[in-house]
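Undergrad: Residue numbering for the sequence shown follows numbering that gives the first Met the number 0, beginning at 0 and increasing consecutively.
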Amino acid sequence: MSSFIDFVALKERVSVEAAISLLGLNLKQRNGQWRGPCPVCKSGGDRALVITPAKNAFYCFGSRTGGDVIAFAAHIRECDAKQAAAFLAGDGGEEKQDADKTSESGNTSNTVPEERNKGDTRSLQPLTYLQPDHECVRALGLYRETCEFFGAGYAPKGIMRGRLAIPIHDNQGTLVAYCGRTTNDENPGLIFPKDFDPATLVYNAHNVTEAELVLLRDPLEVMLATQNGIDNVVSFLTDTIRSKQLHLLAKLMDECGCESLQLA
Ligand SMILES: [Zn+2]
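(1) Is it buried or exposed for ASN320, if we count other Cβ within 10 angstroms and need 16 for buried?
(2) Check whether the Cβ of VAL39 sits closer than 7 Å to any heavy atom of ligand 1, and report yes or no.
(3) Check whether the Cβ of HIS133 lies closer than 8 Å to any Cβ atom in chain B.
(4) Drop a sphere of 10 angstroms on the beta-carbon of ALA73, count the other beta-carbons inside from all chains shown, and report buried for 16 or more, exposed for fewer.
(5) Identify, in the order they occur along the chain, each residue of the same chain with its Cβ nearer than 7 Å to the Cβ of LEU21, setting aside the five sequence neighbours on each side.
(6) Is GLY228 near ligand 1 - that is, is its Cβ less than 7 Å away from at least one heavy atom of it?
(7) So does SER62 have its beta carbon nearer than 7 Å to some heavy atom of ligand 1?
(8) Which residues in the same chain have their Cβ closer than 7 Å to the Cβ of GLY150, if we skip the five residues on either side of it in sequence?
(9) Do you know how far the Cα of LEU245 is from the Cα of SER102?
(10) Does LYS243 come out as helix, strand or coil in the three-state DSSP assignment?
(11) Measure the Cβ-Cβ separation of VAL15 and PRO52 and say whether it is below 8 Å.
(12) Quick one: what's GLN124 bridged to in DSSP?
(13) Would you identify the three-state DSSP class for PRO166, choosing helix, strand or coil?
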């Protein structure tokens, strides 16, 4: 008979910071974060593992994954969430019946989408019907708050239907398009409106504030990294990178005083 560990209570009781020593990791503290090499991935360099106490989150550049304290323990111990939770709970642990924690807050709005302001083709209105807490969104590892921060959500209709719709902004933060990211490994991974050229922008450039820039593979990785305490992350919006995109990235680096770029 297996009993359930109360994941929520466990996460409140064991912080990611406390888990560092429980997991036997030797990390260095800097700017409110703990960093060090990842003993599992053995890639991503000396600062691959990032623990952000303020977000109670971990992120590993080696595998480009992150999450809460349970995901942290699961990553380092290479086990599943249940085993990780049992480890964090200690011998005997806090084992009790798992209450039903799934909240169906039902974020369905029936507002009619107004994709573009009439008479102004440059200004795009945010889609109001996206669902930031849809099960497909959760399955991607995204929290509702992260989706809300980025303005993203599951699209139940429209041209992004069945995908995670992610707003794309220009460097000034103006919404210029949405891209639709697959939630189930369909090809192509990202789709765009016909009138939008994804090679004209660096994703998330408008959120860059510091001189340390990290380039990730796609917008979902940017959202997950941000969720897990990594700032100043950007990505291209295409699989194949054209020279004009590298120019855009170089320009962005100049603007934020970034001398070297971290590839993850
Ligand atoms: Zn790792």
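Positions of the beta carbon are idealized from the N, C-alpha and C atoms, including for glycine.
TA: According to the structure shown:
(1) Beyond the ends of the chain as shown, which are 0 and 263, falls residue 320; an answer cannot be given.
(2) For ligand 1, at least one heavy atom lies less than 7 Å from the Cβ of VAL39.
(3) Checking the listed chains, one finds no chain B in this structure; it contains a single protein chain.
(4) Of the other Cβ atoms in all chains shown, 16 or more fall within 10 Å of the Cβ of ALA73; this residue is therefore buried.
(5) LEU87
(6) no
(7) yes
(8) Excluding residues within five positions, the ones whose Cβ falls inside 7 Å are PRO125, PRO166.
(9) Reliability fails at SER102, whose pLDDT of 39 lies under 50, so the model's placement of it is uncertain and no value is given.
(10) helix
(11) Yes.
(12) DSSP output for GLN124 lists no bridge partner at all.
(13) Three-state result, PRO166: strand.
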